[in-house]
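**Student:** Throughout the sequence shown, residue numbering follows numbering that gives the first Met the number 0, covering 0 to 184 in sequence.
No residue lacks a Cβ here, since even glycine has one placed at the ideal position from N, Cα and C.
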Amino acid sequence: MKALKMQLRMSARVLAAAGALALATVLTSCGFDYPTDRVYTPGAGTNDRDAQVDVLGAVVVSAQAGSGTFIASFANNDSKNTATVSSIAGTGDDADLQVTDFQPIQVDAGGLVNLATDGGVVLEGDRVATGAFLDLEIGFGDGSNVQLHVPVYPPCHEYEGLDTSGDGTATSDECTAESPDTAEH
0 MKALKMQLRM SARVLAAAGA LALATVLTSC GFDYPTDRVY TPGAGTNDRD
50 AQVDVLGAVV VSAQAGSGTF IASFANNDSK NTATVSSIAG TGDDADLQVT
100 DFQPIQVDAG GLVNLATDGG VVLEGDRVAT GAFLDLEIGF GDGSNVQLHV
150 PVYPPCHEYE GLDTSGDGTA TSDECTAESP DTAEH
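#1: Could you check the C-alpha separation between residue 108 and residue 116 for me, to the nearest Å?
#2: Check whether the Cβ atoms of residue 114 and residue 50 sit closer than 7 Å, and answer yes or no.
#3: What is the rounded straight-line gap between the Cα of residue 97 and the Cα of residue 77?
#4: Could you tell me which whole beta strand (DSSP E) segments of length 3 or greater appear in the region 122-149?
#5: If we ignore side chains and look at the alpha-carbon of each, how far apart do residue 134 and residue 62 end up?
#6: With which residues is residue 105 paired in a DSSP beta bridge?
#7: Give the straight-line distance between the Cα atoms of residue 57 and residue 95, rounded to the nearest whole angstrom.
#8: Starting from the Cα of residue 147, find the closest Cα among 154, 59, 75 and give me that residue.
#9: Is residue 142 closer than 7 Å to residue 68 when the C-beta atoms are compared?
#10: Using a Cβ-Cβ cutoff of less than 7 Å, which residues in the same chain neighbour residue 163 once the five nearest sequence positions on both sides are dropped?
#11: Which residues in the same chain have their Cβ closer than 7 Å to the Cβ of residue 178, if we skip the five residues on either side of it in sequence?
#12: For residue 88 and residue 157, which I take to be in contact (beta-carbon distance under 8 Å), what is that distance rounded to the nearest angstrom?
#13: Could you tell me which residues DSSP pairs with residue 94 in its beta bridges?
#14: Have a look at 54, 153, 104 and flag the residue whose alpha-carbon is nearest the alpha-carbon of residue 64.
#15: Are the CB atoms of residue 75 and residue 106 within a distance shorter than 7 Å?
#16: Can you name, in chain order, every residue of its own chain whose Cβ lies under 6 Å from the Cβ of residue 80, other than the five neighbours on each side?
#17: Using a Cβ-Cβ cut-off of 6 Å (strictly less than) and excluding sequence neighbours within five positions of residue 103, which residues of its own chain qualify?
Quick look at the structure:
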């Protein structure tokens with residue numbers, strides 16, 4: 000009888016330890032769809048991966064208020080069929096934005112088109128100004144579209160020379176930040 004009691008006590012201890020281990024595993028697990036599991040592309044532009052064509056690094060580069068150049072990369076996720084970017088337009092508060100001389104952009108199967116090397120798309124409107132965000136809708140040949148909230152940057156550093164809407168230059172004040180040793184005290 001004593002051996003049976005000892006065996007029951009031992010089993011209860013083992014069962015309690017196993018339960019504590021199982022509970023600890025559940026309470027310390029990460030779960031599903033946490034930010035560490037999601038695609039993240041660090042950069043200054045806006046990314047959208049909801050359509051067959053990914054829109055990557057979308058920005059507007061503007062050297063002067065009232066106009067700027069839309070820059071982005073379009074990546075076709077379909078490795079068998081060509082895709083087309085059929086339209087770029089303002090939406091919401093930016094519905095009156097004018098897109099000048101836009102021609103549909105063909106993106107080869109599995110290919111990429113970078114507007115920074117292909118000249119970009121010129122935009123004109125009252126809300127186009129450095130520091131603003133523009134609401135744009137990108138339409139595709141298959142009838143789908145995506146809406147983006149795109150930042151407007153001056154043509155400085157990596158964006159230098161990318162604004163084809165004007166002369167593409169920026170004033171020295173826009174591109175120069177004061178360093179702590181040259182700042183007035």
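**Tutor:** The structure says:
#1: Locating residue 108 in the sequence shown gives position 109, where the first residue counts as 1. Locating residue 116 in the sequence shown gives position 117, where the first residue counts as 1. Rounded to the nearest angstrom, the two C-alpha atoms are 19 Å apart.
#2: As a first step, residue 114 must be located in the sequence shown, where it is residue number 115. As a first step, residue 50 must be located in the sequence shown, where it is residue number 51. Contact flag unset, no.
#3: Taking the sequence shown and counting its residues from 1, the one referred to as residue 97 is at position 98. Taking the sequence shown and counting its residues from 1, the one referred to as residue 77 is at position 78. When rounded, the distance between both Cα atoms is 30 Å.
#4: 132-139
#5: Here residue 134 is taken as the residue at index 135 of the sequence shown, counted from 1. Here residue 62 is taken as the residue at index 63 of the sequence shown, counted from 1. So the alpha carbons of these two residues sit roughly 19 Å apart.
#6: Taking the first residue of the sequence shown as position 1, residue 105 is located at position 106. Its beta-bridge partners are 83.
#7: For the purposes of this step, residue 57 is identified with residue 58 of the sequence shown, where counting begins at 1. For the purposes of this step, residue 95 is identified with residue 96 of the sequence shown, where counting begins at 1. Distance between the alpha carbons of residue 57 and residue 95 is about 19 Å.
#8: Along the sequence shown, one-based indexing puts residue 147 at 148. Looking at the Cα atoms, 59 is the closest of the given residues.
#9: In the sequence shown, residue 68 corresponds to position 69, counting from 1. In the sequence shown, residue 142 corresponds to position 143, counting from 1. For residue 68 and residue 142, no; Cβs fall outside 7 Å.
#10: Taking the sequence shown and counting its residues from 1, the one referred to as residue 163 is at position 164. Around residue 163: 68, 118, 119, 121.
#11: As a position in the sequence shown, residue 178 is number 179, starting the count at 1. Low per-residue confidence applies at residue 178: pLDDT is 49, beneath 50, and the placement is therefore not dependable, though the value from the model is reported in the following sentence. Excluding positions up to five away in sequence, the list is empty.
#12: To locate residue 88, count along the sequence shown from 1; it is residue 89. To locate residue 157, count along the sequence shown from 1; it is residue 158. Not quite, the Cβ-Cβ distance comes to about 26 Å (not below 8 Å), so this is no contact.
#13: On the sequence shown, position 95 is the one that residue 94 refers to. Beta-bridge pairing links residue 94 to no other residue.
#14: Start at 1 with the first residue of the sequence shown, and residue 64 comes out as number 65. Residue 64 has its Cα closest to that of 153, out of 54, 153, 104.
#15: On the sequence shown, position 107 is the one that residue 106 refers to. On the sequence shown, position 76 is the one that residue 75 refers to. Contact flag set, yes.
#16: Stepping through the sequence shown from its first residue, residue 80 is reached at position 81. Closer than 6 Å at the Cβ level, and outside the excluded window around residue 80, lie 108.
#17: Numbered from its first residue, the sequence shown carries residue 103 at position 104. 83, 85, listed in sequence order.
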